[in-house]
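**Student:** Dropping the structure in here first, questions after.
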Amino acid sequence: MRFFRLFKIIFVVLRFGLDEFLLAHARGHWLHFPLKTLLFLRDTSAPRAVRLRLALESLGPIFVKFGQMLSTRRDLMPTDLADELAKLQDQVPPFPSAQSITLLEATYGKPLLETFKSFEETPVASASVAQVHFAVLHDNREVAIKILRPGIKHVIDHDIALLKIVADLMEWLWADGRRLKPRLVIEEFEKHLTDELDLTREAANGSLLKRNFA
Numbered sequence: 000m001r002f003f004r005l006f007k008i009i010f011v012v013l014r015f016g017l018d019e020f021l022l023a024h025a026r027g028h029w030l031h032f033p034l035k036t037l038l039f040l041r042d043t044s045a046p047r048a049v050r051l052r053l054a055l056e057s058l059g060p061i062f063v064k065f066g067q068m069l070s071t072r073r074d075l076m077p078t079d080l081a082d083e084l085a086k087l088q089d090q091v092p093p094f095p096s097a098q099s100i101t102l103l104e105a106t107y108g109k110p111l112l113e114t115f116k117s118f119e120e121t122p123v124a125s126a127s128v129a130q131v132h133f134a135v136l137h138d139n140r141e142v143a144i145k146i147l148r149p150g151i152k153h154v155i156d157h158d159i160a161l162l163k164i165v166a167d168l169m170e171w172l173w174a175d176g177r178r179l180k181p182r183l184v185i186e187e188f189e190k191h192l193t194d195e196l197d198l199t200r201e202a203a204n205g206s207l208l209k210r211n212f213a
């Protein structure tokens with residue numbers, strides 16, 4: 000499975016002509032001819048920043064989030080790339096509400112309506128890592144419930160492992176690779192995703208913020 004995912008990443012990189020980021024530097028010159036021979040039909044007419052954004056979108060939500068993070072790293076990214084990546088939207092279709100209910104019942108160990116007076120099955124927000132539902136407790140307090148996507152931890156671990164492989168290749172091929180330390184950038188992104196998966200910490204931070212502004 001990981002091999003096929005890595006193959007897709009390489010294919011997307013070449014399809015959108017992103018190899019030019021590497022081939023513009025000395026270490027990648029020997030790759031010019033074989034890549035151009037294999038991919039002579041690819042369309043590189045769009046600006047490089049647009050092609051990078053489209054490539055990340057085609058690779059899925061974890062790569063979209065990675066692009067969003069890169070857009071904030073203007074110490075690493077040229078202005079044209081950072082501006083284009085800032086357009087990325089972390090929006091994906093919601094997973095079925097039946098799965099949300101099953102996860103909540105498993106978490107609380109009882110039927111949904113024993114925990115909540117009412118539960119909105121249609122999510123109010125849906126992103127790559129989680130989606131949010133509104134509900135009402137039995138004491139009539141309104142709450143927002145953030146539910147992690149089923150299997151998202153495996154997806155993140157899988158894609159992060161592949162991003163680390165890509166980072167290692169960049170350090171090897173790219174003349175500026177070691178100076179820009181792409182591996183450290185991936186590790187920073189991994190920590191960000193790990194924190195996002197920790198809903199207990201997020202809830203605690205939200206409670207602290209509420210107390211500070213009360």
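If you use numbering that gives the first Met the number 0, the sequence shown corresponds to residues 0 to 213, in order.
C-beta: ideal position from N, C-alpha, C; glycine also.
(1) Let me know the secondary structure DSSP gives isoleucine 8 once reduced to three states.
(2) Measuring alpha carbon to alpha carbon, tell me which of Leu179, Glu189, Asp138 ends up nearest lysine 152.
(3) Could you have a look at serine 127 and say whether DSSP puts it in helix, strand or coil?
(4) To the nearest angstrom, report how far apart phenylalanine 115 and histidine 132 are at their CA atoms.
(5) Could you tell me which of Leu13, Pro60, Ala134 sits nearest to arginine 47, measuring between CA atoms?
(6) Please classify alanine 25: does DSSP put it in a helix, a strand, or coil?
(7) Rounded to whole angstroms, what's the CA-CA distance from glutamate 186 to alanine 124? Just pull it up for me.
(8) Considering only C-alpha positions, which residue in the set Leu5, Ser57, Arg4, Leu51 is nearest to aspartate 18?
(9) Would a C-beta distance cut-off of 8 Å place leucine 147 and valine 128 closer than the cut-off?
(10) Among the residues of its own chain, which have a CB less than 7 Å from the CB of aspartate 167, if the five just before and after it don't count?
(11) How many Å lie between aspartate 89 and valine 135 at the Cα?
(12) I need the straight-line Cα distance from lysine 7 to aspartate 197, nearest angstrom please.
**Tutor:** Answer, in terms of the structure:
(1) helix
(2) Glu189
(3) coil
(4) 12 Å
(5) Leu13
(6) With a pLDDT of 47 at alanine 25, under the threshold of 50, the predicted position of this residue should be treated as unreliable, though the coordinate-derived value follows. The answer is helix: DSSP assigns alanine 25 an H, G or I state.
(7) 27 Å
(8) Leu51
(9) yes
(10) Arg182
(11) 27 Å
(12) 29 Å
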